[in-house]
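So the sequence shown is residues 13 to 346, counted in the numbering used here.
Note that beta-carbon positions come from the ideal geometry of N, C-alpha and C, so glycine has one too.
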Amino acid sequence: MTVATAPQGSARRALAPGLLRYVVVRVVSAVCVMFAVSIVVFLFIHAAPGGPEHAIGGELATEEQLESIRQRYGFDRPLPEQYLQFLGGILHGDFGESIIQKTPVATLIGETVKVTLPLLAFTWILAMGAGLALGILTASRPGSRLDRFSLGMTTLGASTPAFVVGTFLAWLFGVQLGWFPALGAGEGGLDTVRHLVLPAATAAIVLLAVTTRITRVRVGQILEEDQATFARARGLGRWWTLKHVVLRNAGVQLVTLSGSVVVSLFTGLILVERVFNLPGIGSLMVDAIHDRDMPVIQGVTFCVALLVVTVNLVVDLVCMAIDPRLRARLETNR
């Protein structure tokens, strides 16, 4: 007993440095990516035709107005000095002031995030919940009516633009049936939840095909492996096999899929927010582009990039934590 236990303890001790090194490397990589993003976001305004002062002042700005803009925003100083000031502001959560609304960009982002994050969470729950359920059911019954129906409906949803799906749902359930509000974000509590049902359903329908297909393929592969076949041969039952064999072996793929859905939602929610007149971060970005509000564009771009990088980092670390094979591979590559 003592001889069998010792190698396991030593393996855990030997594995710890590999895990720690992996975590450090991933965190440092994420920081480097965000540093590169900050440079790109900073140079974005300087790449505008005529310089940043023309991007802010517009084509009709006089020379006096352009000079005032240069002095106000520090565009007359050396570029490295401007970047260091920009980077320092980011580290303190200061993205400057909106040119149009005369409000700190951080305040605008904070107000719109209160709308976008609940919508994102609601959509993620719908897309992942329905996608996993359909994927598992169709994989366990390949070729059935449910499988064919699911394939047809998810393909139709994926091939239909989000604004078409949103407009149809708003017309049917908001205008004709009156079950849910068609526009706006609500006034808090259950009213906000009711206002988010149609936007979340719109975005979830578009993503449902991806989540269902990926889940179906992976679950189908696991059901054909020896472990699942042996479990069924022992008479353990379909649901026992799904719970103890399929979900355990598909954990990494499902976590990765969850992260991919979150990242995809950031682009999809822009159209959804416009269709349902939601004052979210997507609407803020579209309005800023239309009004050439460069500080807002810079702030939103950086925050979205930060959230995407953070989601990818968390997904990588969670996959490493739940899959012993990945941890063993780290030990092998040491």
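For Glu199, the three-state secondary structure derived from DSSP is coil. Distances from the alpha-carbon of Ile68 to those of Trp183, Ile81, Leu129 put Ile81 closest.
Of the candidates Tyr85, Phe192, Ser41, Cys315, the residue whose Cα lies closest to the Cα of Glu109 is Tyr85.
Per DSSP, the unbroken alpha helix (DSSP H) holding Ala170 starts and ends at 157-171. Closest in C-alpha terms to Thr124, from the list Ala213, Val321, Leu296, comes Leu296. Excluding residues up to 5 positions away in sequence, Gly271 lie with their Cβ nearer than 7 Å to the Cβ of Asn324 in the same chain. Glu285 carries a helical assignment under DSSP once its states are collapsed to helix, strand and coil. Between Val257 and Ile234, the CB-CB gap stays under 8 Å. In this structure Arg225 is buried. Its beta-carbon is surrounded by 16 or more other beta-carbon atoms within 10 angstroms. Around the beta-carbon of Pro92, fewer than 16 other beta-carbon atoms lie within 10 Å, marking it exposed. Per the DSSP secondary-structure output, Pro116 pairs in a beta bridge with Glu109.
By the Cβ neighbour-count rule, Glu285 is buried, with 16 or more other Cβ atoms within 10 Å of its own. Counted as a single uninterrupted DSSP element, the alpha helix (DSSP H) harbouring Phe98 occupies residues 91-103. In this structure, DSSP gives Pro154 a state outside helix and strand, which the three-state scheme calls coil. Looking at Gly190, Gly143, Val209, the one whose alpha-carbon comes closest to that of Val127 is Val209. As the crow flies, the alpha-carbon of Trp183 is around 10 Å from that of Phe192. Straight-line spacing of the CA atoms in Ala213 and Arg33 works out to 41 Å. The straight-line gap separating the alpha-carbon atoms of Val312 and Cys331 is approximately 29 Å.
Taken atom to atom, the span from the alpha-carbon of Val321 to that of Leu120 is near 22 Å. Annotation for Phe87: no alpha helix (DSSP H) segment contains it, and DSSP assigns it neither H nor E.
For Val49, same chain residues with a beta-carbon under 7 Å away, outside a window of 5 residues either side, are Phe314, Ala317 in chain order. 8 Å or more divides the Cβ of Phe56 from the Cβ of Gln265. The C-beta distance from Ala174 to Ala139 rounds to 13 Å, too long to meet the 8 Å contact threshold.
Put simply, of His58, Ala142, Leu168, Ile111 the residue whose alpha carbon is nearest the alpha carbon of Arg304 is Ile111. Taking Gly122 as the centre and dropping the five residues before and after it, the same chain places no C-beta closer than 6 Å to its C-beta. Annotation for Val298: Ile282, Arg286 place their beta carbon closer than 7 Å to its own, counting only its chain and skipping 5 residues before and after. Taking a contact as a CB-CB distance under 8 Å, the pair Gly143 and Thr223 counts as one, their CB atoms being some 3 Å apart. With a threshold of 16 other beta carbon atoms within 10 Å, His207 meets it and is buried. Only exposed fits Phe47, as fewer than 16 other CB atoms lie within 10 angstroms of its CB.
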